[in-house]
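Chemist: FYI, numbering that gives the first Met the number 0 numbers position 168 of the sequence shown as 167, with every residue one higher than the one before it.
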Amino acid sequence: MSEDKLIQNDDLENEQDEEPASNHQKLEPEYGKYMYWEIIRDFPIMADYIGHYIQGNRFTAVNLIDLASSLGLRLDYSSELRTDFKLYRTKKSDIDVLIVSARHASIQDKAWYAAKGMANYILGDAEYVPDFSQNQGALNKWTDEKIAAKLLLPNDLLERDIDFATTYNQDLLNEVGERNAGALFPYARLNIIGHTAAQISNVPDWLMEQRVDEFYNG
0 MSEDKLIQND DLENEQDEEP ASNHQKLEPE YGKYMYWEII RDFPIMADYI GHYIQGNRFT
60 AVNLIDLASS LGLRLDYSSE LRTDFKLYRT KKSDIDVLIV SARHASIQDK AWYAAKGMAN
120 YILGDAEYVP DFSQNQGALN KWTDEKIAAK LLLPNDLLER DIDFATTYNQ DLLNEVGERN
180 AGALFPYARL NIIGHTAAQI SNVPDWLMEQ RVDEFYNG
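#1: Per DSSP, which one or two residues make a beta bridge with ARG73?
#2: Measuring only the C-alpha atoms, how far is GLY193 from GLY31?
#3: Is MET207 buried or exposed, if buried means 16 or more other CB atoms sit within 10 Å of its CB?
#4: Below 8 Å on the Cβ atoms is my contact criterion, and I expect ASN201 with ILE106 to pass it. Report the Cβ-Cβ distance as a whole number of Å.
#5: DSSP state of PHE42, grouped into three classes?
#6: Going by DSSP, what residue range makes up the beta strand (DSSP E) through GLY55?
#7: Per DSSP, PRO28 is paired with what?
#8: Which whole-angstrom value describes the C-beta separation of ILE120 and LEU86, a residue pair presumed to lie in contact below a C-beta threshold of 8 Å?
#9: Skipping 5 residues on each side, what residues in its chain have a beta carbon closer than 6 Å to that of THR166?
#10: Between SER21 and the rest of its own chain, which residues show a CB-CB distance below 8 Å, the 5 nearest in sequence each way excluded?
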């Protein structure tokens with residue numbers, strides 16, 4: 000290897016060593032007990048389950064395998080399954096199995112099916128939530144779909160992905176804004192941001208639209 004090459008490599012290593020600490024500080028853990036505080040508030044025992052879920056605070060989507068594991072579930076997929084999901088109890092193991100349909104389903108749809116399966120397990124099948132049947136107020140408030148939506152898009156993650164999608168598409172948004180100057184409703188802007196946010200969050204577009212409306216408009 001030439002001396003010049005060695006010098007270049009040394010310079011590169013020095014640059015890497017001198018990388019601002021701020022870049023490393025962004026890679027912090029994000030904890031389920033904060034991400035899913037609304038669910039845990041109504042069902043405190045969930046602090047012992049989804050409360051232990053951890054992901055990086057720069058993640059744009061929930062890690063479904065780890066989230067399922069926090070509930071005591073193993074997540075599998077099957078192209079033979081004709082329903083969205085199916086739960087199996089295993090007698091020889093502490094881990095139950097959630098099978099998600101991979102039959103003619105997009106990656107985003109499969110994420111929704113998985114979240115619905117986890118929500119169904121939480122509300123109906125999990126042995127560790129006997130107090131649910133006594134908490135009628137919470138049961139009336141939460142459905143499988145509502146819990147699934149919150150599992151996939153907790154508020155902090157939703158807000159972060161919307162901000163990221165807006166920044167990523169800024170040039171396009173500026174151009175579209177100019178072309179649609181005077182329009183009564185910024186449909187194009189909302190469509191662009193919502194679609195990108197749904198892609199990076201790994202959720203269906205309709206779910207992103209629903210959660211955005213709920214979060215920003217109440």
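By construction, the Cβ of each residue, glycine as well, lies at the ideal position given by its N, Cα and C atoms. These numbers were taken from a predicted model, which means no experiment stands behind them.
Modeler: Reading from the atomic positions:
#1: Against the sequence shown, residue 73 aligns to sequence position 74. ARG73 pairs with VAL96.
#2: Here residue 193 refers to the residue found at position 194 when the sequence shown is read from its first residue. Here residue 31 refers to the residue found at position 32 when the sequence shown is read from its first residue. Roughly 24 Å between the two C-alpha positions.
#3: Against the sequence shown, residue 207 aligns to sequence position 208. The residue is buried, with at least 16 neighbouring Cβ atoms inside 10 Å.
#4: The count along the sequence shown starts at 1 and reaches residue 201 at position 202. The count along the sequence shown starts at 1 and reaches residue 106 at position 107. The Cβ separation is near 6 Å, so the contact holds.
#5: In the sequence shown, residue 42 corresponds to position 43, counting from 1. Note: PHE42 maps to coil in three-state DSSP.
#6: Within the sequence shown, the letter at position 56 stands for residue 55. Counting along the chain, the beta strand (DSSP E) containing GLY55 begins and ends at 53-55.
#7: Locating residue 28 in the sequence shown gives position 29, counting from the first residue. According to DSSP, PRO28 bridges with GLY55.
#8: In the sequence shown, residue 120 corresponds to position 121, counting from 1. In the sequence shown, residue 86 corresponds to position 87, counting from 1. A small fix is needed here, since residue 120 is Tyr in this sequence, not Ile. That pair is a contact at about 6 Å.
#9: Here residue 166 refers to the residue found at position 167 of the sequence shown. Here the set comprises nothing.
#10: As a working mapping, residue 21 is identified with position 22 in the sequence shown. Summary for SER21: the model assigns pLDDT 44, below 50, so the residue's position carries little reliability, and this model does not support an answer.
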